[in-house]
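Enquirer: Going by the UniProt record's numbering, the sequence shown opens with residue 1, and the numbers climb by one from there.
Here it is: the structure, laid out below.
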Amino acid sequence: FSLVVTSSTLSVVISCNDLVASGSDRKPNALVQVAVIDPHKRHLVSHACTEIVEANKDPLFLTGVTFPSEYPASPETLVKLTVYDAKDKSQESSSFLGSATFSVGNLLRAKDERLTLSLRTSDGVCAGGTVVVSRLKMGEMEEVDVDHITTEIPSHKKCSLQMVQYPFLPSLCLLLSVFKNPICKVYRFQTVDSKWMLVREQMEECTLSFSIPKQLLSLYIHEDMSRVQDLRELGELSPHWDNLRKEVMTRYGGIVNSFQETLAELDKITGRSFKPSCCKTQKSLEFIPINLHTQRMRVTCPRKTDAFYDVVTVGAPAAHFQGFKCGGLQRLLSRYEAEKKSFSTAYQCIYYSPEHTAKAQEVLSTMSLLQPLITSLADRLLQAAQEHSSPGLRDALKNLSDKTEQFVHTLKDELVKSALLALHAARPGYVSKNQQQTPVQGGQHQGHILQGSDQNPSPVQGLPGHSPATSITDSTAGCNNVEGLQSTTRGEGVLLKHQDSIPHHKEYDEEEWDRVWANVAKCLNCVIAMVDKLQEEDNSNQEPAPEQQLADVIISHNPGNWREQLCPLVTRLKECVMEVVEKAKRAMTFVLLQEAACSIPQGFLLQQRRDVVFSQALAALACGFVMRLYAGMQDQGFLRQLHLVGLVAQFESLLSTYSEEIGMLEDMDVGISDLKRVLFQITEAKSDDLSDLQPLVCGRRDHFTVEVPLPRLVFQTLPEEIKEGKPLRVFPVLFNVGINEQQTIAERFGDISLQERINQRNFETLEAYYKSLREKVPLECLPCFQTQTDIKELLETLGQNVVTKKRKNVEILWIAGTICRRLNGIRFTSCKSAKDRTSMSVTLEQCALLRDEHQLSKDFFIRALDCMRREGCRIENVQKNIRCRKYAFNMLQLMAFPKCYRPPEGTYGKVDS
1 FSLVVTSSTL SVVISCNDLV ASGSDRKPNA LVQVAVIDPH KRHLVSHACT
51 EIVEANKDPL FLTGVTFPSE YPASPETLVK LTVYDAKDKS QESSSFLGSA
101 TFSVGNLLRA KDERLTLSLR TSDGVCAGGT VVVSRLKMGE MEEVDVDHIT
151 TEIPSHKKCS LQMVQYPFLP SLCLLLSVFK NPICKVYRFQ TVDSKWMLVR
201 EQMEECTLSF SIPKQLLSLY IHEDMSRVQD LRELGELSPH WDNLRKEVMT
251 RYGGIVNSFQ ETLAELDKIT GRSFKPSCCK TQKSLEFIPI NLHTQRMRVT
301 CPRKTDAFYD VVTVGAPAAH FQGFKCGGLQ RLLSRYEAEK KSFSTAYQCI
351 YYSPEHTAKA QEVLSTMSLL QPLITSLADR LLQAAQEHSS PGLRDALKNL
401 SDKTEQFVHT LKDELVKSAL LALHAARPGY VSKNQQQTPV QGGQHQGHIL
451 QGSDQNPSPV QGLPGHSPAT SITDSTAGCN NVEGLQSTTR GEGVLLKHQD
501 SIPHHKEYDE EEWDRVWANV AKCLNCVIAM VDKLQEEDNS NQEPAPEQQL
551 ADVIISHNPG NWREQLCPLV TRLKECVMEV VEKAKRAMTF VLLQEAACSI
601 PQGFLLQQRR DVVFSQALAA LACGFVMRLY AGMQDQGFLR QLHLVGLVAQ
651 FESLLSTYSE EIGMLEDMDV GISDLKRVLF QITEAKSDDL SDLQPLVCGR
701 RDHFTVEVPL PRLVFQTLPE EIKEGKPLRV FPVLFNVGIN EQQTIAERFG
751 DISLQERINQ RNFETLEAYY KSLREKVPLE CLPCFQTQTD IKELLETLGQ
801 NVVTKKRKNV EILWIAGTIC RRLNGIRFTS CKSAKDRTSM SVTLEQCALL
851 RDEHQLSKDF FIRALDCMRR EGCRIENVQK NIRCRKYAFN MLQLMAFPKC
901 YRPPEGTYGK VDS
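Structure, rendered in structure tokens:
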């Protein structure tokens, strides 16, 4: 496929000659402001500003200016250049030296596409000095006199999406479907061998900031409404359980109403694709990630292939609206699980561990997927039989067997069996065996509650570490009617043995589930046997063998019509599957009812908080995955790694472990960990329309799949495994190192154990990923870097740093980021709002890459760092968020920062963030 290239964009570079500073003999500190004259309204629109060249009357600015999309560079476009003498680096005090105006047409017609213009005062008088404008093309390297360059080198560019014919960009429509509102910057820096590299930053918003959370909200609503319907379909329950059911349904109804209101508010928002940091506590936007942007740095060096480096910046996924007074998710969930056992006693329920609750949700989810699939495959088998197609019959049978065996395996769990017995015990009028054997005492009727202050607790409730999956006996005594739950039996002053407290009912057959569950496998075996027999007869005209076959026992067959002989067996299989689904669904719904009943109200509030945090995290992950996929579409090594192992997604966090930010970090840790439940799938788009290229989310809370559609021509180039819909895994890891003044307090007087645990746990995950990658994928598939340090060696160094007691050990972040890039991973950088500390980190990483991979001159490192922070994409990000070009730091705060994370003078101050 070929790329569609947009109309040519115009970039220019500027220099001045013979400037004269006003009122003194000193040389001016020159800068040039660039404005575009609106061709319709005929007024100036401020566009860009160069860096300051200090004490130089012939400054050469290393700033490239590109015209914005709203003012395309047509020949009639007028551009005004205004030169100032700056008194300080904040540019708040400066004097006018002169201005000049030119049209794009004149520049393009000029010899060598270069204009020399005289500077004039506001009344048209010659001011002295000239300004030189030259056209600059991306990738065009010019030899420049180094002696002219005596200052920092920023660029200030906002431009339309300029598509260049990269080998790694699949299609213009792909980028336009997800990324929008680009801001571009260009820098030229000197290498160690006195050559010049051209560096281009491009920062963009992502439509997934809103589309992913809105899809998730719809799925949450559907899941909770289905849960309510499942509870209704549990059938008649005893008064105790019926009241609990009503209370749980009311809670779910409240959550659904809240989510519907939020979704309705989000649907009203049009044209926005990011949430500014100043809105982080707004309730209607709590599911939207904060300040989500992508940033790409492209580097062009003489006689070298272009390179690019991507990062996704996003505010820490956290429930800012709900606040952090009681901590974040990690602390709240730990406290909740500890308290849930006492809740279960109060509500007379079995205590189910998170693992058992997750298992119940998994069973429900798997059944909802497999049951219709088995039905569809069974119908396909009959269709193949109708067509008398032996290959079709064999293929359909294989698929049906695989899915049915998966279905049977899912339900091979004691939890289902014990929950069915527990549900039976919760039916009205249930009487347990021990109650039937208890003599009437104190005027009480047989089977009623034994009253008295000396009544012993239920044997099950008295067992430490009770688990519903351990045995049927453990699972049922605690979930009867109120009578069954509280009843005990005395016999000569001694409690009955534990097994004697098992609920029994003459109408309930404890072996029924085993029979129903086993019938599915038996029916499948009958279908397989019949297919084998039919194919044997089709392959041979001989008489059947004298010994009796399984299919002979099942049905007397007519060798002529395959469908007629298979139909009764297939119908029976579908009926058995449906019967199993109905029983297992009721059992698992009852497990979740008990879990929900003893969760009121804290569990519901925690689930809402978790939903909010996960929504923000998933939107960021989907953005990063799409960006990485688009960039690696023609890299066969990357695609092989993608479907064989998956990708690592490395989240870098700069949150402190003090005050509110420790709550944010606890939220973020759980949210990032929950991303393990997400799979990706590449699909073929219905059309090349932008609306059909938007990623889609499906699934439920225990498992989500993000489908990424690609145009047909692009999709056809992918490996067969990906085209066949193989689920693609992502391995999220989080590393945190606080760098601000609050982290100083935490390290000296507080507790940083949370940060240490997070870093250690995620290091182990990263190490395990690399081990798996090395076993399945040749290391030649990984990208090549100039730095030859082995990944294994980098991991060892990272492991040493993780366990080392060192304050603000930012080396952990640097090494983890390097490993991520070496592993073809997805890079994320976060702080509270992804605006200030994140900007310091992103610019530092970019300059480190220029130094390590592209031989950036040592003399230019600090200059490059300052100019990216002063005039680059990150200061534009600040402007977008708070309408002010100042990082939210003060001098006292910055004294606590590592030096390399401090912004240049004049770029920070007290502002609302």
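Note that beta-carbon positions come from the ideal geometry of N, C-alpha and C, so glycine has one too.
When the Cα atoms are used, what is the spatial distance from T77 to N56?
Expert: Near 30 Å, if we compare the C-alpha coordinates of N56 and T77.
Enquirer: Would you kindly report the start and end of the unbroken alpha helix (DSSP H) that includes F763?
Expert: Run containing F763: 753–776, per the alpha helix (DSSP H) assignment.
Enquirer: Have a look at Q565, D123, F731, R701 and flag the residue whose alpha-carbon is nearest the alpha-carbon of L382.
Expert: Selected option, being the one with the closest Cα: Q565.
Enquirer: Classify T571 as buried or exposed, calling it buried when 16 or more other Cβ atoms lie within 10 Å of its own Cβ.
Expert: By the 10 Å Cβ count, T571 comes out exposed.
Enquirer: S284 to Q879, Cα distance in whole Å?
Expert: Approximately 23 Å between the Cα atoms of the pair.
Enquirer: Can you find at least 3 beta carbon pairs, one from the region 782–796 and one from the region 751–759, that sit closer than 8 Å?
Expert: The region 782–796 vs the region 751–759: no contact.
Enquirer: Counting only runs that start and end within the region 354–390, where is the alpha helix (DSSP H) found for 4 or more residues in a row?
Expert: Whole alpha helix (DSSP H) segments, 4+ residues: 354–386.
Enquirer: Cβ atoms of V83 and L119: under 8 Å apart, would you say?
Expert: It is a contact, given that the beta carbons lie within the stated cut-off.
Enquirer: What does DSSP give as the partner residue(s) for L81 in the beta ladder?
Expert: DSSP lists V34, A100 as partners of L81.
Enquirer: Could you tell me which uninterrupted alpha helix (DSSP H) segments, each at least 4 residues in length, are contained entirely in the region 560–592, listed from first to last along the chain?
Expert: Taking only runs of at least 4 residues, no alpha helix (DSSP H) segment lies wholly in the region 560–592.
Enquirer: Please report the distance separating the alpha-carbon of P302 from that of V199.
Expert: Each residue's alpha carbon lies about 12 Å from the other.
Enquirer: How is the beta strand (DSSP E) around M197 delimited, first residue to last?
Expert: Run containing M197: 196–206, per the beta strand (DSSP E) assignment.
Enquirer: Per DSSP, which one or two residues make a beta bridge with I682?
Expert: Looking at the DSSP assignment, I682 forms a beta bridge with V708.
Enquirer: If I'm right that A649 touches I290 with Cβ under 8 Å, what's the distance once you round it to whole angstroms?
Expert: At roughly 18 Å, the Cβ-Cβ gap does not stay under 8 Å, so A649 and I290 are not in contact.
Enquirer: Can you give me the Cβ contacts of W562 inside the same chain, cut-off strictly under 8 Å, excluding the 5 residues immediately before and after it?
Expert: So the list reads A385, Q386, H388, L393, L534, once near-sequence residues are dropped.
Enquirer: Closer than 7 Å by C-beta to D395: which residues in its own chain qualify, once you throw out the five before and the five after it? Chain order, please.
Expert: Excluding positions up to five away in sequence, the list is empty.
Enquirer: Where does L639 land, buried or exposed, given buried means 16+ other C-beta within 10 angstroms?
Expert: When all chains shown are included, L639 counts as buried.
Enquirer: Please report how far the alpha carbon of P711 lies from the alpha carbon of Q681, in whole angstroms.
Expert: About 14 Å.
Enquirer: From this set, I739, L766, R827, which residue's C-alpha is nearest E811's C-alpha?
Expert: For the residues I739, L766, R827, the minimum Cα distance to E811 belongs to I739.
Enquirer: For the alpha helix (DSSP H) holding E537, just list the boundary residues, first then last.
Expert: Counting along the chain, the alpha helix (DSSP H) containing E537 begins and ends at 512–539.
Enquirer: Give me the Cβ distance between M203 and Q846, rounded to the nearest whole Å; I'm assuming they're in contact under 8 Å.
Expert: So it is not a contact: roughly 12 Å between Cβ atoms.
Enquirer: In three-state terms, what does DSSP make of P170?
Expert: Residue placement at P170 is poorly supported in this model, since its pLDDT is 44, which falls under 50; the coordinates are not used for a value here.
Enquirer: Indicate the three-state DSSP secondary structure (helix, strand or coil) for F785 in the structure shown.
Expert: Reduced to three states, the DSSP call for F785 is coil.
Enquirer: Relative to the C-alpha of G799, which candidate in L813, A35, T787 has its C-alpha closest?
Expert: Comparing Cα-Cα distances from G799 to each of L813, A35, T787, the minimum goes to L813.
Enquirer: Does DSSP put D866 in a helix, a strand or coil?
Expert: Correct three-state label for D866: helix.
Enquirer: By the 10 Å Cβ neighbour count, where 16 or more other Cβ atoms means buried, how is G872 classified, buried or exposed?
Expert: Its Cβ being crowded by 16 or more others within 10 Å, G872 is buried.
Enquirer: Hey, how far is the Cα of A477 from the Cα of W513?
Expert: For A477, the pLDDT reaches just 35, beneath the cut-off of 50, and the residue's location in the model is therefore unreliable, although a value from the coordinates is still provided. When rounded, the distance between both Cα atoms is 19 Å.
Enquirer: Based on DSSP bridge pairs, tell me the residues matched to P732.
Expert: For P732, which the question treats as bridged, DSSP gives the partners A649.
Enquirer: Just how far apart, CA to CA, sit E876 and K111?
Expert: Going by the C-alpha atoms only, they are around 35 Å apart.
Enquirer: Would you call the region 217–234 and the region 242–251 in contact, with 3 or more CB pairs under 8 Å?
Expert: Flag = yes, the region 217–234 and the region 242–251 touch.
Enquirer: What does the alpha-carbon distance come out to for the pair L495 and A425?
Expert: With a pLDDT of only 31 at L495, under 50, the local geometry of the prediction cannot be trusted, and the value read off the model is given with reservation. Cα-Cα distance, rounded: 21 Å.
Enquirer: Once the 5 residues before and after E741 are set aside, which same chain residues still bring their CB inside 6 Å of it?
Expert: Closer than 6 Å at the Cβ level, and outside the excluded window around E741, lie Q893, A896.
Enquirer: Apart from the five residues on each side of it in sequence, which residues of its chain come closer than 6 Å, Cβ to Cβ, to R902?
Expert: So the qualifying residues of the chain are L894.
Enquirer: Grouping DSSP H, G and I as helix and E and B as strand, with all else coil, what is V842?
Expert: It is helical.
Enquirer: Assess, as a yes-or-no matter, whether the region 711–726 is touched by the region 681–691 under the definition of 3 or more beta carbon pairs within less than 8 Å.
Expert: Flag = yes, the region 681–691 and the region 711–726 touch.
Enquirer: Using a threshold of 8 Å, state whether the C-beta atoms of V104 and L10 are closer than that.
Expert: Yes, the Cβ-Cβ distance between V104 and L10 is below 8 Å.
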